[in-house]
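**Student:** Got a structure for you, written out below as structure tokens; questions coming shortly.
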Amino acid sequence: MKILVNGIQSNLRFSSAHVIPGHESCGYIHGHSYFVDVEIEGERAGDFEFVVDFKDVKGYTKAICDELDHRLLIPVYNDLIEFKDFDKEKDSIFNLKKKHTVHFKIDGKGYSLPGVDCVFLPLPYTSAEELSKFFAETLAKKLSETYDNLEYVAVCVNEGIGQGAEYRKDL
Numbered sequence: 032m033k034i035l036v037n038g039i040q041s042n043l044r045f046s047s048a049h050v051i052p053g054h055e056s057c058g059y060i061h062g063h064s065y066f067v068d069v070e071i072e073g074e075r076a077g078d079f080e081f082v083v084d085f086k087d088v089k090g091y092t093k094a095i096c097d098e099l100d101h102r103l104l105i106p107v108y109n110d111l112i113e114f115k116d117f118d119k120e121k122d123s124i125f126n127l128k129k130k131h132t133v134h135f136k137i138d139g140k141g142y143s144l145p146g147v148d149c150v151f152l153p154l155p156y157t158s159a160e161e162l163s164k165f166f167a168e169t170l171a172k173k174l175s176e177t178y179d180n181l182e183y184v185a186v187c188v189n190e191g192i193g194q195g196a197e198y199r200k201d202l
């Protein structure tokens, strides 16, 4: 059986700025008002024969949205981003999270931003495609701690009405 959670109606939203380094138009810092749709398939199980409790799905997804909301999303593992005092090959991403000010360059443009204004993601891009994969994998991992009856978790991250990307994580 399949369950569906509509991001607009369930308030699974976040507004963030991002940049796609090297892209002709998206290579500039710009923002979106995102919403996140979730689809989960699995066998009905437990005392109430739920596939999964909607409360859990919405709570876990909302927590991810809240972490990204009103921040600049930075794809740490993008080859075109050069960080000052951070080696992508050796340093932990948690080191960036601890910095009061983060300094980096994209295509020769220098940025200095308060670390608290940024979310450092272990991604090559902050595209809808990569964000949907990030959401699906994070949500699948969290749900797997409680549920063993799920077949897949699919998440669609929408940059606006009629424009999004979906990623399916098989379990």
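Just so you know, we're using this note's numbering here: the sequence shown kicks off at 32 and counts up by one.
Heads up, the beta-carbon is just placed ideally off N, CA and C, and yes, glycines get one too.
All values reported here derive from a predicted model rather than from experimental measurement.
(1) Check each candidate in Lys89, Val147, Val83 and Glu161 and name the one with the smallest Cα separation from alanine 196.
(2) Would glycine 106 and isoleucine 124 qualify as a contact pair, given that the criterion is a beta-carbon distance under 7 Å?
(3) Assess contact between the stretch 32-47 and the stretch 63-72, defined as three or more Cβ pairs (one per stretch) separated by less than 8 Å. Is contact present?
(4) Near asparagine 37, which residues of its chain fall below 7 Å by C-beta distance, leaving aside the five closest residues on each side in sequence?
(5) Are the beta-carbon atoms belonging to histidine 49 and leucine 111 less than 7 Å from one another?
(6) If the criterion is Cβ atoms closer than 7 Å, does the pair valine 186 and alanine 159 meet it?
(7) If you measure between the beta carbons of threonine 169 and isoleucine 95, is that distance less than 7 Å?
(8) Is leucine 152 helix, strand or coil by DSSP?
(9) For the putative contact between glutamate 190 and tyrosine 59, defined by C-beta atoms under 8 Å, what is the C-beta separation to the nearest angstrom?
(10) In the structure shown, what three-state DSSP assignment does lysine 128 receive?
(11) Between aspartate 122 and cysteine 57, what straight-line distance do the alpha-carbon atoms span, to the nearest angstrom?
(12) Is it true that the CB of tyrosine 156 sits closer than 7 Å to the CB of isoleucine 51?
**Tutor:** Here's the rundown:
(1) Check the Cα spacing between alanine 196 and each of Lys89, Val147, Val83 and Glu161: the tightest is with Glu161.
(2) For clarity, residue 106 is proline in the given sequence; the question names glycine instead. Taking a C-beta distance under 7 Å as the contact criterion, proline 106 and isoleucine 124 do not qualify as a contact pair.
(3) These segments touch.
(4) Setting aside the 5 residues that flank it on each side, asparagine 37 is surrounded in the same chain by Asp68, each with a C-beta closer than 7 Å to its C-beta; the list follows chain order.
(5) Going by C-beta atoms, histidine 49 is not nearer than 7 Å to leucine 111.
(6) No. Outside cutoff.
(7) Inclusion of threonine 169 and isoleucine 95 in the CB contact set at 7 Å is warranted, their separation being smaller than that value.
(8) In this structure, leucine 152 counts as strand in the three-state DSSP scheme.
(9) Distance from glutamate 190 to tyrosine 59 at the Cβ level is roughly 15 Å; contact not present, criterion being Cβ atoms closer than 8 Å.
(10) In the three-state reduction of the DSSP assignment, lysine 128 falls in the helix class.
(11) If you take the alpha carbons of aspartate 122 and cysteine 57, they lie about 28 Å apart.
(12) For isoleucine 51 and tyrosine 156, yes; Cβs fall inside 7 Å.
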